[in-house]
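> Everything in the sequence shown is counted per my numbering, starting at 110 for the first residue and increasing by one.
The C-beta atom is built at its ideal place from N, Cα and C for all residues, glycine as well.
Predicted, not measured: the structure shown is a model, and the values here were computed from it.
Sharing a structure, written as structure tokens. Questions coming.
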Amino acid sequence: MAEDDVHGDEVDYLVLGGGTAGCIVAARLSEQPGVRVALVEAGPTDADEPRAADIRRWAEMLEGEHDLDYRSVPQERGNSHIRQARLRILGGCSTANTMIAWRPLRGDLDEWAALGVDGWGYDEVAPWFDRLLARIEPVAEHDRNAYVEDAVTAAATALSLPRRERWNDVELVDGAGFFEIGYDPSTHQRSSASHAYLRSQPERPGLAVHLEALVERLLVEDGRAVGAVVRGRDGVEREMRARREVVVSCGAIDSPALLMRSGIGPAAVLAAAGVATIVDLPGVGENLQDHAEGLVVWEARGERDDTCATGWDAGYLVRVDDDSTTPDVSTHIPLHSWTVHAERHGTTIPENNVSFAPNVAKPRSRGRVWITAPSADVAPAIDYRAFTDPDGRDERMLVEGVRIARRVAQQPPFSEHLVAEVFPGPQAQSDEELSAILRATHQTVYHVSCTARMGADDDPLAVLDARLRVRGVAGLRVVDASVMPTLTALNPVGTIMTIAERAAALILEDAAG
């Protein structure tokens with residue numbers, strides 16, 4: 110792997126975006142003898158960033174100099190003050206998340222298959238998880254916090270859940286326990302895509318990594334993607350070209366934005382932004398999904414130490430509806446509470462506190478992302494449209510998540526840590542009262558996805574076919590969180606890595622003819 114300036118000759122494959130998926134696709138393609146791959150990343154290398162290396166320091170990467178810190182438009186039914194982290198650094202969000210990594214769930218993938226996405230059912234996709242080079246381990250005994258252990262024990266007892274020591278060897282539906290995460294328990298080195306697929310692997314002479322290189326737009330000639338216009342660290346725009354394919358891996362916000370800046374997207378949106386339409390593709394930027402997270406905070410008694418792998422190492426998963434094939438509520442047990450939105454809402458949080466963070470595992474609400482200008486320097490507009498699903502299921506699950514957490518709070522040994530609930534607070538008891546305060550203060554889990562989704566051939570809003578090819582443009586694919594038809598019930602990083610592994614194989618299969 111060579112770090113290069115943004116000059117370079119024409120390559121076989123141009124991978125745009127050096128995040129979770131892009132690092133994997135570029136690494137796998139460059140394993141082929143004689144194949145030349147260029148990986149273009151807008152940020153710097155993570156090799157010199159100790160906060161990215163140590164998984165315990167993940168929170169220091171959020172809202173820092175590598176974070177694009179996107180914001181949404183005002184929300185009609187949800188929190189309008191959410192800061193959406195997107196990392197501009199080699200490895201992308203895999204340098205800053207907690208790397209809770211799940212084998213793709215059967216229920217999630219069967220849902221994709223039911224939507225007409227051929228070849229993406231559980232039996233076809235799940236085995237690709239076993240190819241991941243990222244080290245994924247159960248939280249080690251020496252990283253297990255005793256207080257969190259008490260909370261897990263209480264959840265398993267109160268909710269009659271199986272206690273899980275390993276999660277990825279079962280077709281998971283529910284349970285309580287410490288999670289499996291992408292890290293080395295002996296060093297706390299995170300298993301980011303950049304560390305696992307680039308810096309820890311043998312040198313690949315066919316791979317050049319271009320850093321601090323911002324992609325302005327794609328080059329499309331005679332209906333085919335042939336490259337991209339890239340602005341280097343010197344501020345000069347240059348063309349980079351690909352003989353075979355261009356792969357967009359900029360993430361669920363910036364991939365649709367790049368397509369739209371290149372004239373690929375909803376014609377009315379492009380016209381309003383001052384971009385000429387090349388392909389009127391109405392699904393680009395639509396179908397945005399994210400996990401909405403609630404919060405329950407208690408005043409606590411006693412002291413707790415800081416033993417942990419990440420501080421968000423454990424939790425419990427619950428099915429609420431009888432017909433659910435995946436968890437309906439996923440609840441994290443954080444070591445340190447994230448209370449900024451509760452405090453902004455007016456709640457005084459005692460210094461000694463503990464919390465649970467239940468989130469809506471299978472959101473039904475659908476938002477969108479779109480551009481308002483042709484320049485990559487103008488942040489895309491984001492509208493989560495939180496809690497707007499017609500049946501109100503997202504709202505119901507958020508409320509149910511808090512009610513379940515309250516049940517766990519009554520169960521020893523967790524109950525022995527508690528003095529009283531301070532948020533939402535004992536005054537919030539009815540569904541309406543809980544919903545109002547929870548919606549106003551909900552937080553993202555940074556899992557925004559599904560904005561350039563795969564779909565069946567007769568689906569007018571499908572951006573990609575089942576081989577991740579952009580409809581209406583030859584030689585162009587998207588590979589990242591945006592391609593998912595629906596959001597996975599749990600942390601998606603393991604599924605995104607799995608998608609990237611399979612995508613590289615699809616690209617090579619098509620090249621072989």
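Per DSSP, which one or two residues make a beta bridge with T563?
Taking the first residue of the sequence shown as 1, we reach residue 563 at position 454. The sequence as given places Met at residue 563; Thr does not occur at that position. Answer is L573.
> What would DSSP say about Y256, mapped onto helix, strand or coil?
Taking the sequence shown and counting its residues from 1, one reaches residue 256 at position 147. DSSP places Y256 in helix when its eight states are reduced to three.
> Could you compute how far the alpha carbon of T435 sits from the alpha carbon of V429?
The count along the sequence shown starts at 1 and reaches residue 435 at position 326. The count along the sequence shown starts at 1 and reaches residue 429 at position 320. Answer to the nearest angstrom: the Cα atoms are 10 Å apart.
> Looking at the secondary structure, which residues open and close the alpha helix (DSSP H) in which R333 lies?
Counting from 1 along the sequence shown, the entry for residue 333 is found at position 224. Here R333 belongs to no alpha helix (DSSP H); instead the beta strand (DSSP E) covers 333-340.
> In whole angstroms, what separates the C-alpha of I458 from that of A302?
Taking the sequence shown and counting its residues from 1, the one referred to as residue 458 is at position 349. Taking the sequence shown and counting its residues from 1, the one referred to as residue 302 is at position 193. Rounded to whole angstroms, I458 to A302 spans 37 Å at the Cα level.
> Along the alpha helix (DSSP H) that carries G216, what are the first and last residues, could you check?
As a working note, residue 216 is residue 107 in the sequence shown. Unbroken alpha helix (DSSP H) run through G216: 215-223.
> Roughly how many angstroms lie between the CA atoms of V572 and P594, to the nearest whole one?
In the sequence shown, residue 572 corresponds to position 463, counting from 1. In the sequence shown, residue 594 corresponds to position 485, counting from 1. Computed Cα separation, rounded: 10 Å.
> Can you tell me which of the three DSSP states P540 falls into?
Within the sequence shown, the letter at position 431 stands for residue 540. At residue 540 the sequence reads Asp, which differs from the Pro that was named. Helix.
> Rounded to the nearest angstrom, what separates V115 and R352 at their Cα positions?
Here residue 115 is taken as the residue at index 6 of the sequence shown, counted from 1. Here residue 352 is taken as the residue at index 243 of the sequence shown, counted from 1. Low confidence applies here, because V115 scores a pLDDT of 43, under 50, leaving its location unreliable and the question unanswered by this model.
> In or out: S539 buried (at least 16 other Cβ within 10 Å) or exposed?
Residue 539 sits at position 430 when you count from the first residue of the sequence shown. Looking at its Cβ environment, which holds fewer than 16 other Cβ atoms inside 10 Å, S539 is exposed.
> Using 8 Å as the cut-off, can you tell me whether the region 520-529 makes contact with the region 262-281, which would need three or more C-beta pairs spanning the two stretches below that distance?
The region 520-529 vs the region 262-281: in contact.
> Identify the continuous beta strand (DSSP E) that holds I616 and give its terminal residues.
Taking the sequence shown and counting its residues from 1, one reaches residue 616 at position 507. Counting along the chain, I616 falls outside any beta strand (DSSP E), though it belongs to the alpha helix (DSSP H) covering 602-621.
> Is DSSP giving T154 helix, strand or coil here?
For the purposes of this step, residue 154 is identified with residue 45 of the sequence shown, where counting begins at 1. Coil at T154, not helix or strand.
> Quick check on I133: does DSSP put it in helix, strand or coil?
On the sequence shown, residue 133 is found 24 positions in, with the first residue counted as 1. It is helical.
> Helix, strand or coil for H441? Go by DSSP, reduced to three states.
For the purposes of this step, residue 441 is taken as residue 332 along the sequence shown, with counting starting at 1. Of the three classes helix, strand and coil, the one that applies to H441 here is strand, per DSSP.
> Quick check: A147 and D155, are their CB atoms within less than 8 Å of each other?
As a position in the sequence shown, residue 147 is number 38, starting the count at 1. As a position in the sequence shown, residue 155 is number 46, starting the count at 1. It is not a contact, given that the beta carbons lie outside the stated cut-off.
> List the whole-angstrom C-beta distance separating V279 from V124, where the pair is believed to meet the contact cut-off of C-beta under 8 Å.
To locate residue 279, count along the sequence shown from 1; it is residue 170. To locate residue 124, count along the sequence shown from 1; it is residue 15. Between V124 and V279 the Cβ distance is about 34 Å, and since that is not below 8 Å, they are no contact.
> What's the C-alpha gap between L218 and S439?
Along the sequence shown, one-based indexing puts residue 218 at 109. Along the sequence shown, one-based indexing puts residue 439 at 330. So the alpha carbons of these two residues sit roughly 18 Å apart.
> A243 to I209, Cα distance in whole Å?
Here the question's residue 243 lines up with position 134 in the sequence shown. Here the question's residue 209 lines up with position 100 in the sequence shown. Each residue's alpha carbon lies about 12 Å from the other.
> Given 8 Å as the limit, is there contact between the region 578-586 and the region 384-401, that is, 3 or more CB pairs closer than that?
At 8 Å Cβ cutoff, the stretches touch.
> Determine the closest residue to G424 out of A205, E220, Y256, with distance taken between C-alpha atoms.
In the sequence shown, counting from the first residue as 1, residue 424 sits at position 315. It is Y256 whose Cα lies nearest to the Cα of G424.
> Please confirm whether G128 and G200 have their CB atoms less than 8 Å apart.
Residue mapping note: residue 128 aligns to position 19 of the sequence shown, counting from 1. Residue mapping note: residue 200 aligns to position 91 of the sequence shown, counting from 1. Cβ atoms of G128 and G200: closer than 8 Å.
> Tell me which residues share the same chain as P472 and place their Cβ nearer than 7 Å to its Cβ, disregarding the 5 neighbours each side in the sequence.
Working through the sequence shown from its first residue, we reach residue 472 at position 363. Counting only Cβ-Cβ distances below 7 Å, and skipping sequence neighbours, we find Q398, D399, H400, A401, D503, L596.
> Could you spell out where the alpha helix (DSSP H) holding R502 opens and where it closes?
As a first step, residue 502 is located in the sequence shown; it is residue number 393 there, counting from the start. Counting along the chain, the alpha helix (DSSP H) containing R502 begins and ends at 502-518.
> Report, in whole angstroms, the separation of the C-beta atoms of A337 and L323, which I expect to be a contact under 8 Å.
Numbered from its first residue, the sequence shown carries residue 337 at position 228. Numbered from its first residue, the sequence shown carries residue 323 at position 214. Not really, about 10 Å apart at Cβ, beyond 8 Å.
> Does DSSP put R299 in a helix, a strand or coil?
As a working note, residue 299 is residue 190 in the sequence shown. Looking at R299 - three-state DSSP - the assignment turns out to be strand.
> Going by beta-carbon coordinates alone, are W229 and A222 separated by less than 8 Å?
Stepping through the sequence shown from its first residue, residue 229 is reached at position 120. Stepping through the sequence shown from its first residue, residue 222 is reached at position 113. Yes. Within cutoff.
> Taking the alpha carbon of A613 as the point to measure from, which residue in S139, P467, Y555 has its own alpha carbon closest?
Counting from one through the sequence shown, the residue named residue 613 turns up at place 504. Comparing Cα positions, the closest option is S139.
> Is it right to say L570 is buried, meaning 16 or more other beta carbons lie within 10 angstroms of its own, or is it exposed?
As a first step, residue 570 is located in the sequence shown; it is residue number 461 there, counting from the start. Classification of L570: exposed, given that the 10 Å Cβ count is below 16.
> Measure from the alpha carbon of D500 to the alpha carbon of each residue in R512, A485, S474, then state which is nearest.
In the sequence shown, the residue the question calls residue 500 occupies position 391. Checking every option, the nearest Cα to that of D500 belongs to S474.
> Out of curiosity, what's the CA-to-CA distance linking A485 and G341?
Working through the sequence shown from its first residue, we reach residue 485 at position 376. Working through the sequence shown from its first residue, we reach residue 341 at position 232. Distance between the alpha carbons of A485 and G341 is about 13 Å.
> Do A205 and L171 count as a contact pair if the criterion is CB distance below 8 Å?
Here residue 171 corresponds to residue number 62 of the sequence shown, with the count starting at 1. Here residue 205 corresponds to residue number 96 of the sequence shown, with the count starting at 1. For L171 and A205, yes; Cβs fall inside 8 Å.
> Counting along the chain, where does the beta strand (DSSP E) carrying S464 start and finish?
To locate residue 464, count along the sequence shown from 1; it is residue 355. From DSSP, the beta strand (DSSP E) with S464 extends over 462-469.
> Does the Cβ-Cβ distance between R186 and F496 come in under 8 Å?
Looking up residue 186 in the sequence shown gives position 77. Looking up residue 496 in the sequence shown gives position 387. Their beta carbons are under 8 Å apart, which means R186 touches F496 by this criterion.
> For the beta strand (DSSP E) holding V378, just list the boundary residues, first then last.
Position 269 of the sequence shown, counted from the start, is the residue given in the question as residue 378. Per DSSP, V378 belongs to no beta strand (DSSP E); it is in the alpha helix (DSSP H), 376-382.
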